[in-house]
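Asker: Take a look at this one; I'll ask things after.
Number of protein chains: 2
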Amino acid sequence: MEQLVAAGTRFMREVNAVAILRRLRTETSMSVSALAKAVGLSRQAVARSLNALVDEGLVEFGSVDRDSTRAGRPAQLVRFRAEAGHVLGLSISPQDLRVAISDLAGTVTAADVTPLGGGASGAEVVETLLSTVRGALQEAGVRTGDLWFASVGTPGIVDPATGVIKLIPSMPGLTGDLLVRRLEESLGCPVYLDNDVKLATQGERWRGAERREDSLVMVHWGERVGAGIVLNGELYRGTSNDAGDVGFLDLFADAPGAAPATVSRHPHGLGPFEAVVGGAEIVRLATAAARRAGDDPLLARIDAAGERAFDAVLDAVTDGAPPALEAIDVVASRFAKGVAVLRAILNPRLVVIGGPLARCGETLLTAVRRHLADQLLDQPALEVSALRDDAVVHGALRHSLDEIERTRFDLGRNGFQEAR
Amino acid sequence: MEQLVAAGTRFMREVNAVAILRRLRTETSMSVSALAKAVGLSRQAVARSLNALVDEGLVEFGSVDRDSTRAGRPAQLVRFRAEAGHVLGLSISPQDLRVAISDLAGTVTAADVTPLGGGASGAEVVETLLSTVRGALQEAGVRTGDLWFASVGTPGIVDPATGVIKLIPSMPGLTGDLLVRRLEESLGCPVYLDNDVKLATQGERWRGAERREDSLVMVHWGERVGAGIVLNGELYRGTSNDAGDVGFLDLFADAPGAAPATVSRHPHGLGPFEAVVGGAEIVRLATAAARRAGDDPLLARIDAAGERAFDAVLDAVTDGAPPALEAIDVVASRFAKGVAVLRAILNPRLVVIGGPLARCGETLLTAVRRHLADQLLDQPALEVSALRDDAVVHGALRHSLDEIERTRFDLGRNGFQEAR
DNA sequence: ATAATTAGTTACATACAGTACATAATTATT
DNA sequence: AATAATTATGTACTGTATGTAACTAATTAT
Numbered sequence: 001m002e003q004l005v006a007a008g009t010r011f012m013r014e015v016n017a018v019a020i021l022r023r024l025r026t027e028t029s030m031s032v033s034a035l036a037k038a039v040g041l042s043r044q045a046v047a048r049s050l051n052a053l054v055d056e057g058l059v060e061f062g063s064v065d066r067d068s069t070r071a072g073r074p075a076q077l078v079r080f081r082a083e084a085g086h087v088l089g090l091s092i093s094p095q096d097l098r099v100a101i102s103d104l105a106g107t108v109t110a111a112d113v114t115p116l117g118g119g120a121s122g123a124e125v126v127e128t129l130l131s132t133v134r135g136a137l138q139e140a141g142v143r144t145g146d147l148w149f150a151s152v153g154t155p156g157i158v159d160p161a162t163g164v165i166k167l168i169p170s171m172p173g174l175t176g177d178l179l180v181r182r183l184e185e186s187l188g189c190p191v192y193l194d195n196d197v198k199l200a201t202q203g204e205r206w207r208g209a210e211r212r213e214d215s216l217v218m219v220h221w222g223e224r225v226g227a228g229i230v231l232n233g234e235l236y237r238g239t240s241n242d243a244g245d246v247g248f249l250d251l252f253a254d255a256p257g258a259a260p261a262t263v264s265r266h267p268h269g270l271g272p273f274e275a276v277v278g279g280a281e282i283v284r285l286a287t288a289a290a291r292r293a294g295d296d297p298l299l300a301r302i303d304a305a306g307e308r309a310f311d312a313v314l315d316a317v318t319d320g321a322p323p324a325l326e327a328i329d330v331v332a333s334r335f336a337k338g339v340a341v342l343r344a345i346l347n348p349r350l351v352v353i354g355g356p357l358a359r360c361g362e363t364l365l366t367a368v369r370r371h372l373a374d375q376l377l378d379q380p381a382l383e384v385s386a387l388r389d390d391a392v393v394h395g396a397l398r399h400s401l402d403e404i405e406r407t408r409f410d411l412g413r414n415g416f417q418e419a420r
Numbered sequence: 421m422e423q424l425v426a427a428g429t430r431f432m433r434e435v436n437a438v439a440i441l442r443r444l445r446t447e448t449s450m451s452v453s454a455l456a457k458a459v460g461l462s463r464q465a466v467a468r469s470l471n472a473l474v475d476e477g478l479v480e481f482g483s484v485d486r487d488s489t490r491a492g493r494p495a496q497l498v499r500f501r502a503e504a505g506h507v508l509g510l511s512i513s514p515q516d517l518r519v520a521i522s523d524l525a526g527t528v529t530a531a532d533v534t535p536l537g538g539g540a541s542g543a544e545v546v547e548t549l550l551s552t553v554r555g556a557l558q559e560a561g562v563r564t565g566d567l568w569f570a571s572v573g574t575p576g577i578v579d580p581a582t583g584v585i586k587l588i589p590s591m592p593g594l595t596g597d598l599l600v601r602r603l604e605e606s607l608g609c610p611v612y613l614d615n616d617v618k619l620a621t622q623g624e625r626w627r628g629a630e631r632r633e634d635s636l637v638m639v640h641w642g643e644r645v646g647a648g649i650v651l652n653g654e655l656y657r658g659t660s661n662d663a664g665d666v667g668f669l670d671l672f673a674d675a676p677g678a679a680p681a682t683v684s685r686h687p688h689g690l691g692p693f694e695a696v697v698g699g700a701e702i703v704r705l706a707t708a709a710a711r712r713a714g715d716d717p718l719l720a721r722i723d724a725a726g727e728r729a730f731d732a733v734l735d736a737v738t739d740g741a742p743p744a745l746e747a748i749d750v751v752a753s754r755f756a757k758g759v760a761v762l763r764a765i766l767n768p769r770l771v772v773i774g775g776p777l778a779r780c781g782e783t784l785l786t787a788v789r790r791h792l793a794d795q796l797l798d799q800p801a802l803e804v805s806a807l808r809d810d811a812v813v814h815g816a817l818r819h820s821l822d823e824i825e826r827t828r829f830d831l832g833r834n835g836f837q838e839a840r
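Written out as structure tokens, the structure reads:
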């Protein structure tokens, strides 16, 4: 366990500078006196720290406060220079590449999406991403040198510690450390790699529900199903970075007609839960229902979509096609069992549904809620992702900002030591 | 988020004193120089802090180090005065009252168990507990005034924040704040109340596996089933202090012959999972198996035990009676599904089985492990509680020590302020 | 115009830690 | 047994931080 030690009076400066920055970053601008009062230090101490921060470029003395109605000499306003640095949030999916740039306050200054063709190689994807980044940098007027950190989310199994993509079935060309290596080389700042669902969870917590829940589960629901878990305010990863792998819940093995649980083996194939609520099953259910109902137009739509049959069914849901709605209701009832299990174990305040199924919105929510109604325990609030496909990018931004927070705006850089 | 601000140089003193104490508490005794080197401060600074700590009574200068083989002037040894204060761990169950006293280093100096008769009123239970405590105090040679903190665990639903027992079906007389009020009044120190399973989890993590796992789930398995969850090194409670309520997992609703899930309502009745793996079901299964096998002696034993039929069956398991083993195997297979669900969601490193079923030891473990073998994901290590019925007391001790740590041996008592 | 009020500046006292050097008490060496 | 080497301790002094206080500056209220 690291143990902080104050080896010199610089330590105090550090602590106080951090406190001042923290306070300042939540306001647009403040007077020195107000800051001193808020932070609990003398005006002089605050002024000294501020001067140091000005030299670092993190803080700026603005104009005199003319708006004040109070008596007395008007205050000099200080402002956090959010533009002192920028961070990048990146998202890679088989469909598209997404880029967002924000300043240190988290204000997005540029964002871009590049659709992805089918047969791009790994190197091509990385170069396309880099050119998208360059475009966004130009748009935001940010030089590469002003980038402090970048985070990138991809599907599949990744190792955040080493930046290696271990398995990414939908984009096998990206396997390995190519992505991170090329990005770091090209951007000249640290690059963090994480699983897209994990990042999306942080994005949802940050920008989605607009209330930073202390405990939420974000379930990505598409062809596959996976969840990100935030507990006590931070992402929980589990022993083998595998927590929230709800696609492998085995809740229906005893149900009549269920597929045996051993059809496939992790991580290549589908888990038992995603097999009964995932995209393939939804298509199957919708097709069967359409056939029963004699809904030939819908059958034709699904058939015409080919590879994109799943999308076609989701479209049909938003259009209100009865067979599609029927399919959704069936998977909703199964999904509800999954939520109930999450509830019993984690007791989260909120469960957010993200991924392709989020498109079904209220239709889906009411169906799941209805099937949850007969549960014994009180159930968590249920919502659909507000960020949709941007959740990953926002989560990546958030991670970048957290990293900056940890390494630059928190204790532990100078004046401190860790005990051995 | 609380933000600490230094209000002067006292702050440094505080930080350093904490660092020194932390280091010192892990050793039996150290020289000042060695301490300085370990903690990363100058000898002078350490000596100054130590003098202050001596005045507080937390540290003691011992004799000169005669054992050292090294050249040079022998060092003055410093020692953490673990006997400067004591904490209490208490456990209440329908069967017995348990008390343990430890010093600040966690060394138990006295422990006592008082069996409980059947029909004691709430007030009687509390007074019996108090007299057990007084006996233990005497045994340890500790005066009431030297008690710094006490923690008590009870079954049922409790509110740790207010110290109120909300529901305790097995000992209804204790409902309310009687217990905590009387204890605080009588012991003259803060008293913390928590659910026994939650405390047992902390006890197991502390003293049980003898390795402080960062993530473990301790499942109490008896008439009812509940779990305590430790993630990232701390107990996770969930939004309504209800996390780990695995008794309410509903995994077998679709199974042929399963009881409908709506028989009972939380928290009075059994949940679906405990209904199929709990004590009552085990007795039912064992009885049925004994009848099938014509094992009349076992039937007689179970019958003679009356209220204690569950105990009788568990005895039969340790004796190796086939019908009892058969029953255990059936519930083990069901329990395995619960473990698999915990694994998929939490991905813990270790699952510990506590409560009455722990008596079945390896028999139970091998059965559960066998039924886990066909799961798709790698499963967590599985163990039986090493502390058994003392897990709660040890967890209570641990909580008391943690509380002392937080309030006395950590930053935040003097010299600090929180920003507004 | 003057008083009151608030902000900013400068000077000084205080507290803490670090460095440097002298001193004390051992073991190792001759 | 005397001396050197080694390690621990003690004292003096320096550097850097904060706080308090007194003074100056720029406004509003009277």
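Chains A and B, in that order, are what the protein sequence lines are. Residue 1 is where the first sequence starts when you use our numbering, and the numbers rise one by one after that. Residue 421 is where the second sequence starts when you use our numbering, and the numbers rise one by one after that. Glycine is no exception: its CB is placed at the ideal position from the N, C-alpha and C atoms.
Inspect the CB distances between the stretch 87-103 of chain A and the stretch 146-161 of chain A and report whether three or more fall short of 8 Å.
Answerer: Cβ pair count under 8 Å is three or more, so yes.
Asker: For R291/A, which of A324/A, G135/A and V317/A has the nearest alpha-carbon?
Answerer: Of the candidates A324/A, G135/A and V317/A, the one whose C-alpha sits nearest the C-alpha of R291/A is A324/A.
Asker: Please confirm whether V352/A and E204/A have their CB atoms less than 8 Å apart.
Answerer: The answer is yes: Cβ separation under 8 Å.
Asker: Can you give the Cα-Cα distance for A275/A and G62/A, rounded to whole angstroms?
Answerer: Approximately 59 Å between the Cα atoms of the pair.
Asker: Please report whether the beta-carbon of L478/B lies at a distance below 8 Å from any beta-carbon of chain A.
Answerer: So no, L478/B is outside the interface.
Asker: Starting from N195/A, trace the beta strand (DSSP E) in both directions and tell me its first and last residue.
Answerer: Per DSSP, N195/A belongs to the beta strand (DSSP E) from V191 to N195.
Asker: For A752/B, would you say it is in contact with chain A, using Cβ-to-Cβ distances shorter than 8 Å as the test?
Answerer: It does not; no Cβ of chain A falls within 8 Å.
Asker: What first and last residue would you give for the beta strand (DSSP E) that runs through L350/A?
Answerer: Start and end: L350 to G354.
Asker: Taking the alpha-carbon positions, what's the A764/B to D242/A distance?
Answerer: A764/B and D242/A: Cα-Cα distance of roughly 8 Å.
Asker: Could you spell out the range, first to last residue, of the beta strand (DSSP E) harbouring G509/B?
Answerer: H506 to I512 is the span of the beta strand (DSSP E), which, as asked, contains G509/B.
Asker: Give me the residue from E503/B, E727/B and S513/B with the minimum Cα distance to V813/B.
Answerer: The option with the nearest alpha carbon to V813/B is S513/B.
Asker: Mind checking whether I588/B and G576/B have CB atoms under 8 Å apart?
Answerer: Contact: yes.
Asker: Taking just the CA atoms, how far does R22/A sit from I404/A?
Answerer: About 13 Å.
Asker: Over what stretch of residues does the beta strand (DSSP E) that includes V164/A continue unbroken?
Answerer: Start and end: V164 to L167.
Asker: Decide if the stretch 119-128 of chain A is in contact with the stretch 355-369 of chain A; the criterion is three or more beta carbon pairs, one per stretch, under 8 Å apart.
Answerer: With the cut-off at 8 Å, the stretch 119-128 of chain A and the stretch 355-369 of chain A do not touch.
Asker: How should D319/A be labelled, buried or exposed, when 16 other C-beta atoms within 10 angstroms of its C-beta is the threshold for buried?
Answerer: Its Cβ having fewer than 16 others within 10 Å, D319/A is exposed.
Asker: Roughly how many angstroms lie between the CA atoms of L807/B and M638/B, to the nearest whole one?
Answerer: The straight-line gap from Cα to Cα measures roughly 12 Å.
Asker: What's the C-alpha gap between R828/B and S820/B?
Answerer: R828/B and S820/B: Cα-Cα distance of roughly 12 Å.
Asker: Under a three-way DSSP split, which group does A713/B fall into?
Answerer: The answer is helix: DSSP assigns A713/B an H, G or I state.
Asker: Could you name the residues of the stretch 561-585 of chain B whose beta carbon sits closer than 9 Å to any beta carbon of chain A, in the order they occur along the chain?
Answerer: Listed in sequence order: no entries.
Asker: Please determine whether the Cβ atom of N347/A lies at a distance below 7 Å from any heavy atom of the ligand NAD.
Answerer: Inclusion of the ligand NAD in the displayed structure is not the case, the ligand content being empty and no account of it being possible.
Asker: Where do the ends of the alpha helix (DSSP H) carrying S385/A lie?
Answerer: That residue, S385/A, is in no alpha helix (DSSP H); it is neither H nor E in DSSP.
Asker: Less than 6 Å between C-beta atoms, sequence neighbours within five positions excluded: which residues of the same chain meet that for A286/A?
Answerer: Within the same chain, A286/A has close Cβ partners V313, P323, A324 and A327.
Asker: Measure from the alpha carbon of R789/B to the alpha carbon of each residue in F755/B, R468/B, E503/B and R563/B, then state which is nearest.
Answerer: When only C-alpha atoms are compared, the closest one is F755/B.
Asker: Out of F80/A, T9/A and Q44/A, which has the shortest C-alpha to C-alpha gap to M30/A?
Answerer: The candidate whose alpha carbon is nearest that of M30/A is F80/A.
Asker: Can you tell me the Cβ-Cβ gap for L607/B and T564/B, rounded? I've got them flagged as a contact below 8 Å.
Answerer: The pair is a contact, with the Cβ atoms about 6 Å apart (cut-off 8 Å).
Asker: Can you say whether T201/A is buried or exposed, counting buried as having 16 or more other CB atoms within 10 angstroms of its CB?
Answerer: The residue is buried, with at least 16 neighbouring Cβ atoms inside 10 Å.
Asker: Suppose the cutoff is 6 Å on Cβ atoms and the five residues either side in sequence are ignored; what does the same chain contact list for L299/A look like?
Answerer: Contacts found: A290.
Asker: Could you give the DSSP three-state label for F500/B: helix, strand or coil?
Answerer: Strand.
Asker: Would G667/B pass as a contact of G689/B if the rule is Cβ separation under 8 Å?
Answerer: Cβ distance not < 8 Å, so G667/B and G689/B don't count as in contact.
Asker: What whole-angstrom Cβ distance do R818/B and D634/B have, given they're in contact under 8 Å?
Answerer: The pair is not a contact, with the Cβ atoms about 16 Å apart (cut-off 8 Å).
Asker: Rounded to a whole number of angstroms, what is the C-alpha to C-alpha distance between L655/B and I649/B?
Answerer: Roughly 6 Å separates the two Cα atoms.
Asker: For P115/A, does the three-state DSSP call read helix, strand or coil?
Answerer: In the structure shown, P115/A sits in a strand (DSSP, three-state: E or B).
Asker: V32/A by DSSP, collapsed to three states: which one?
Answerer: In the structure shown, V32/A sits in a helix (DSSP, three-state: H, G or I).
Asker: Tell me the residue span of the beta strand (DSSP E) that contains L97/A.
Answerer: It spans D96 to D103 - the beta strand (DSSP E) in which L97/A sits, taken as one unbroken run.
Asker: Indicate the three-state DSSP secondary structure (helix, strand or coil) for G740/B in the structure shown.
Answerer: DSSP places G740/B in coil when its eight states are reduced to three.
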